[in-house]
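In my numbering, the protein residues as written are 62 to 512. Glycine is no exception: its CB is placed at the ideal position from the N, C-alpha and C atoms.
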């Protein structure tokens, strides 16, 4: 059975150890006189089994490469450490009662377990909802507080609200599950006509009535509801985005209304004000012209996911998540915007070493994901031409120890992810000794044993 599919049970399992381990702490410290050692041991055993199971399922889910890698690794390793402390705590409670410092060590283990329970939950929540999920600003409805004078209209306000504001939201949050190749609920969303048509439950939009439109109703369901969209584990819509969708639908869900016409409305002004305040990440890249919008539309029609790194940025995040059959030749469509590509995700596609004749021409790529492709050491010489590359994912590829050493020699790579490739533990150790500034993650950082 496909490990990625098994991993999708992680969100179902992950809440069990949270409740069980919290219960163990309550019984231990709030109701110690009412709780026997055997009861604590049983609760901890269940917590240990469930936390280890959740960690394993989470590991499988991480292989899909659909998440931010830095945040994913924090969540993954804190989860593994949590499982370790949980198992050790159960074993100590079961076997360590005869030791003189039993209570002190028990308290230390409980404290460590609870610390990593909080950290794991925090990073997991950040993966699901975004890193700013717990920020104060994200809890406010900025539509109520935005000043009418705060926003100065940018260029392009003659473009339609649907094309300029609605489509980017749907592209980022919905297209991965609702496109011609993957139509959950028989719903396609990549064209206006398909969006209006709806899916098996009927129209997704009732023009003039947002609260009776499935597109909005499902974003407001409880996160654990099976009908919630986007589903749990995916990046969720923000309050501002939902407010904008409501306004657009309540005002007729028009494909034509322009931003310049709609800007008098407070909802539109507030949304644009917040959007304009999002600063571009510090990429360290030169200023360049924006990519041709017609080229981007053509790419989206071919099922490429194309998003700006940030609002107003000329640099793009290009993702082939819906193109598992992508071949080397099909990369030619990116040639017209090769200078604009900062993040490029080609994971789980059919490309091989020949693809790097084009990929190496993308001089501004900072992050490159090649997970589960047929890439081998032959591609490394071309990779060396990508002088701005900082993050490289070669999980599940044919690159081996020699290739890894060559990659480390590049001097500008900061992070390499390489588990399930041909890279060995010894190869990782040798590279870490020679190039200590390169962070190499082979999935075994906490159990590294030289053979």
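Which first and last residues belong to the alpha helix (DSSP H) in which residue i is found?
i           : result
residue 381 : Premise fails: residue 381 is in no alpha helix (DSSP H) and is neither H nor E.
residue 470 : It is not in any alpha helix (DSSP H) - residue 470 carries neither H nor E in the DSSP assignment.
residue 89  : 76-90
residue 300 : 300-311
residue 418 : 417-420
residue 104 : 98-123
residue 233 : 228-234
residue 278 : 275-278
Evaluate residue i with the Cβ neighbour count: other Cβ atoms within 10 Å of its Cβ, from every protein chain shown; 16 or more gives buried, anything less gives exposed.
i           : result
residue 161 : exposed
residue 197 : Low confidence applies here, because residue 197 scores a pLDDT of 42, under 50, leaving its location unreliable and the question unanswered by this model.
residue 385 : exposed
residue 124 : buried
residue 204 : Residue confidence is low: residue 204 scores 38 on pLDDT, short of 50, so the model does not pin down where it sits. Its coordinate-derived value is still stated next. Classification of residue 204: buried, given that the 10 Å Cβ count is 16 or more.
residue 158 : exposed
residue 270 : exposed
residue 208 : Low confidence applies to residue 208: its pLDDT is 34, below 50, so where it sits in the model is not reliable, and the reading given next is rough at best. When all chains shown are included, residue 208 counts as exposed.
residue 330 : buried
residue 409 : buried
residue 332 : buried
residue 396 : exposed
residue 462 : buried
residue 216 : Here the model assigns residue 216 a pLDDT of 38, short of 50, so the residue's position is not dependable, and the following value carries that caveat. Classification for residue 216: exposed.
residue 91  : exposed
residue 474 : buried
residue 75  : buried
residue 71  : buried
residue 97  : exposed
residue 366 : buried
residue 83  : exposed
residue 302 : buried
residue 338 : Residue confidence is low: residue 338 scores 44 on pLDDT, short of 50, so the model does not pin down where it sits. Its coordinate-derived value is still stated next. Exposed: under 16 other Cβ atoms inside 10 Å.
residue 400 : buried
residue 177 : buried
residue 354 : exposed
Would you grab the beta carbon distance between residue i and residue j for me? Rounded to a whole angstrom, and I think it's under 8 Å.
i           : j           : result
residue 431 : residue 450 : About 11 Å; that fails the 8 Å criterion.
residue 180 : residue 139 : 5 Å
residue 133 : residue 153 : The pair is not a contact, with the Cβ atoms about 30 Å apart (cut-off 8 Å).
residue 572 : residue 275 : This structure does not reach residue 572, given that the chain is present from 62 up to 512, and the question cannot be answered.
residue 382 : residue 405 : That pair is no contact at about 12 Å.
residue 280 : residue 304 : So it is not a contact: roughly 11 Å between Cβ atoms.
residue 456 : residue 482 : 6 Å
residue 479 : residue 499 : Going by Cβ atoms, the distance from residue 479 to residue 499 rounds to 11 Å, so no, they are not a contact pair.
residue 466 : residue 445 : Between residue 445 and residue 466 the Cβ distance is about 12 Å, and since that is not below 8 Å, they are no contact.
residue 285 : residue 278 : About 16 Å; that fails the 8 Å criterion.
residue 389 : residue 415 : 5 Å
residue 266 : residue 282 : With 8 Å as the limit, residue 266 and residue 282 do not qualify as a contact, their Cβ atoms being about 17 Å apart.
Quick check on DSSP: helix, strand or coil for residue i?
i           : result
residue 456 : coil
residue 412 : coil
residue 483 : strand
residue 256 : helix
residue 402 : strand
residue 500 : strand
residue 490 : helix
residue 428 : strand
residue 438 : helix
residue 144 : helix
residue 134 : helix
residue 461 : strand
residue 263 : strand
residue 297 : coil
residue 358 : helix
residue 289 : coil
residue 389 : coil
residue 352 : coil
residue 407 : coil
residue 185 : helix
residue 158 : coil
residue 172 : helix
residue 167 : helix
residue 495 : helix
residue 270 : coil
residue 3   : Residue 3 is absent from the model: the chain starts at 62 and stops at 512.
Taking DSSP's pairing of strands, which residues face residue i in a bridge?
i           : result
residue 319 : 221
residue 368 : 378
Could you pull the start and end residues of the beta strand (DSSP E) that residue i belongs to?
i           : result
residue 477 : 476-478
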